[in-house]
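**Q** The numbers in the working numbering rise by one with no breaks, and the one at position 34 of the sequence shown is 226. Virtual Cβ for every residue (Gly too), placed ideally from N, Cα, C.
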Amino acid sequence: MARKQGARLRPALAMLLCVAFACLVTSCRPTPKPLTPEEVMERGERFVTLMATGRHTEAIAMMNSRMRSAIPVPRLGELWSELTARLGTHRSIPHSRYAQEAGFAVAYVTVRFAAAELEVKVVLDGAGKVAGLWFGRPVTGTYTPPAYADTGLFTETELVVESGRWRLPATLSMPRGNGPFPALVLVHGSGPHDRDGSVGPNRPFQDLAWGLASRGVAVLRYDKRTLAYRSELQVSDLAGFTVDQESVDDAVAAVARLRSTGRVDPDRVFVLGHSLGGMLAPRIAERLGAGDRGGPPAGLILLAAPARDLLKLVTEQAGYLAALDGTVTAAEAAELRQLALQVEAIRLGNFQPGQPVLGAHQAYWAHLLAYNQLETARRLDLPMLILQGERDYQVTMVDFALWREAVGARPTVTLRSYPALNHLFMAGEGPPNPAEYDRAGNVAREVVETIASWLQGR
């Protein structure tokens, strides 16, 4: 029962890992390696197994002192929760390999989940203690394009979005023809997402890009900074990390990159944000309208955008998941109480120096909680399309109603909800649950057609 309970609650916590770094690194001095390659691989596999089975205290005991101070027991659990929320349940460790890098012994442990495999890099110091930890990019099964996408109607080009010192790998889906075409930048939700927005076997951003490019819209999607630079984001970098560094700055840079692209109409570049990206879309628009950034986007598209702060949403999600099978166990009730204490600590600003709470440091939470997306949206004189799946348990119809109340009376704002669709805008039946994300699907045709029609009309 404990494993079932943990699996139910973890997706709620995973959504809140807004920084949700796919890595955490600590610096340490290389020392002579006393372990054989076989011992290194065995130790790496044991460490991953302890994480996978919820034995986080034992896993922490395998770390050196600097890693233990950087990743306390709750944080280690949250890192693994973020993986299982995206990739499904842990299945096995099929193999591992040994390497020596910069004087450290390294075990690359392949981990198989329900929907994908990824490689976990476990770095050991000279005493055989875990000194570094990376989670690689998931490798999923074969992608099945949606039936509404026609790859003969567009081309794809690999390019780079330059955002300060960060260079983010990106893909531009461009309709065939002379243009100029309306264009769209896709902005991710929380977590270290790739450009396709991969969740388990699903690629909602690729669905959107291919579906819209088939209908005459250029689409730019890019790897999120917390994915593309997971090994460069040191613990020391994260103390001052905010949603600007996580999402906003890079989205602003992506709009500038798209505006300068041939066959794109620079006056018809729009921003589409999903989940956290939708919440931040008004901030992105306001940033673009400031100074010499080329002016605000032509409009905003908000998909499953939270209208409330994320702490309210994660508390609501956790309660929903705990009660999903009709009962709340004692262990689940204890987790909910612990979550409530963490939420209260964040709201009161009670942070230990250098220690994150619910996956992020004080600067992140203070910055995010000071942001009011509804008020920001009210200040904008922009067309908006706001879409919501009615089967979404992460961002609900409560949020949709708040968006309607805030901006729905404007003639330039369109709101639409879909009874059968979930957080990924994919169809399902019955009570929504995290297992849906493990089943392959595509963004619903009606969503793509609604977006395309709205864009082409502007």
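Assuming serine 288 contacts alanine 297 (C-beta within less than 8 Å), just tell me the rounded distance between them.
**A** Actually they do not touch by this definition, with Cβ atoms about 12 Å apart.
**Q** Under DSSP, the alpha helix (DSSP H) around glutamate 524 begins and ends at which residues?
**A** 522-540
**Q** Whose C-beta lies closer than 6 Å to the C-beta of valine 639 among residues of the same chain, with five residues either side of it excluded?
**A** Around valine 639: Phe617.
**Q** Please report the residue range of the alpha helix (DSSP H) in which alanine 277 lies.
**A** Segment 265-279, the alpha helix (DSSP H) holding alanine 277.
**Q** Taking C-alpha atoms, which residue in Pro488, Gly469 and Ser439 lies nearest to proline 458?
**A** Closest by alpha carbon: Pro488.
**Q** Does the beta-carbon distance from aspartate 388 to arginine 417 come in below 8 Å?
**A** no
**Q** Please classify arginine 221 as buried or exposed, where buried requires at least 16 neighbouring CB atoms within 10 angstroms.
**A** Reliability fails at arginine 221, whose pLDDT of 43 lies under 50, so the model's placement of it is uncertain and the value that follows must be treated cautiously. That one is exposed.
**Q** Specify the secondary structure class of methionine 576 as computed by DSSP and reduced to three states.
**A** strand
**Q** Is it a yes or a no for the segment 443-452 touching the segment 384-404, going by three-plus beta-carbon pairs under 8 Å?
**A** In this structure the segment 443-452 does not lie against the segment 384-404, because fewer than three pairs of beta carbons, one per stretch, are closer than 8 Å.
**Q** Would you call the segment 616-630 and the segment 521-539 in contact, with 3 or more CB pairs under 8 Å?
**A** no
**Q** Evaluate the contact criterion for the segment 366-384 versus the segment 457-476: three or more CB pairs, one atom per stretch, below 8 Å.
**A** yes
**Q** What residue range is occupied by the uninterrupted alpha helix (DSSP H) comprising proline 374?
**A** Here proline 374 belongs to no alpha helix (DSSP H); instead the beta strand (DSSP E) covers 373-379.
**Q** Are alanine 307 and proline 393 close, meaning C-beta to C-beta below 8 Å?
**A** Using a Cβ distance threshold of 8 Å, alanine 307 and proline 393 count as a contacting pair.
**Q** Inspect the beta-carbon positions of proline 338 and aspartate 399 and report whether they are closer than 8 Å.
**A** yes
**Q** Please work out which residues of its chain come closer than 7 Å, Cβ to Cβ, to glycine 236, disregarding the five sequence neighbours upstream and downstream, and give them in chain order.
**A** Ser288, Ala299, Val301 and Val314
**Q** What residue does the beta strand (DSSP E) around tyrosine 556 start on, and which one ends it?
**A** No beta strand (DSSP E) contains tyrosine 556, which is instead part of the alpha helix (DSSP H) from 554-561.
**Q** Determine contact between the segment 259-279 and the segment 539-551, defined as no fewer than three beta-carbon pairs at a distance below 8 Å.
**A** yes
**Q** Determine the contact status of methionine 254 and valine 322, defining contact as a CB-CB distance below 8 Å.
**A** yes
**Q** Return helix, strand or coil for histidine 615, following the three-state DSSP convention.
**A** coil
**Q** Would you say arginine 357 reaches chain C, if we count a Cβ-Cβ gap shorter than 8 Å as a contact?
**A** Absent from the structure is chain C; it holds one protein chain and no more.
**Q** Can you look up glutamate 250 in the DSSP assignment and give me helix, strand or coil?
**A** helix
**Q** Nearest to leucine 505 by alpha carbon, out of Gln586, Ile252 and Thr363?
**A** Gln586
**Q** According to DSSP, what are the bridge partners of glycine 581?
**A** Tyr610
**Q** Kindly identify the DSSP beta-bridge partner or partners of phenylalanine 462.
**A** Leu376
**Q** When the Cα of threonine 604 is compared with those of Val456, Leu404, Ile493 and Met471, which residue comes out closest?
**A** Ile493
**Q** Please work out which residues of its chain come closer than 7 Å, Cβ to Cβ, to proline 229, disregarding the five sequence neighbours upstream and downstream, and give them in chain order.
**A** Closer than 7 Å at Cβ, skipping near neighbours: Tyr290.
**Q** Here's the rule I'm using: 16 or more other beta-carbon atoms within 10 Å means buried, otherwise exposed. How should asparagine 370 be labelled?
**A** Classification of asparagine 370: exposed, given that the 10 Å Cβ count is below 16.
**Q** Can you list, in chain order, the residues of its chain with a C-beta nearer than 8 Å to that of arginine 304? Leave out the 5 residues immediately preceding and following it.
**A** His282, Arg283, Ser284, Ile285 and Pro286, listed in sequence order.
**Q** Hey, quick one: how far does the alpha helix (DSSP H) through lysine 313 stretch, first residue to last?
**A** No alpha helix (DSSP H) contains lysine 313, which is instead part of the beta strand (DSSP E) from 308-316.
**Q** Rounded to the nearest angstrom, what separates glutamate 350 and phenylalanine 327 at their Cα positions?
**A** Cα to Cα, glutamate 350 sits roughly 24 Å from phenylalanine 327.
**Q** From arginine 500 to methionine 471, what distance separates their C-alpha atoms?
**A** One C-alpha to the other measures close to 9 Å.
**Q** My assumption, with CB atoms under 8 Å, is that leucine 607 sits in contact with tryptophan 595. Please give the rounded CB distance.
**A** 7 Å
**Q** Rounding to the nearest angstrom, what Cα-Cα distance links proline 264 and valine 240 in this structure?
**A** 16 Å
**Q** Once the 5 residues before and after glutamine 565 are set aside, which same chain residues still bring their CB inside 6 Å of it?
**A** Met471 and Pro474
**Q** So alanine 612 and arginine 631 are supposed to be a Cβ contact under 8 Å. How far apart are they, rounded?
**A** Between the beta-carbon of alanine 612 and that of arginine 631 there is about 14 Å, and that puts the pair past the 8 Å contact cut.
**Q** Secondary structure at glutamine 544, three-state DSSP: helix, strand or coil?
**A** coil
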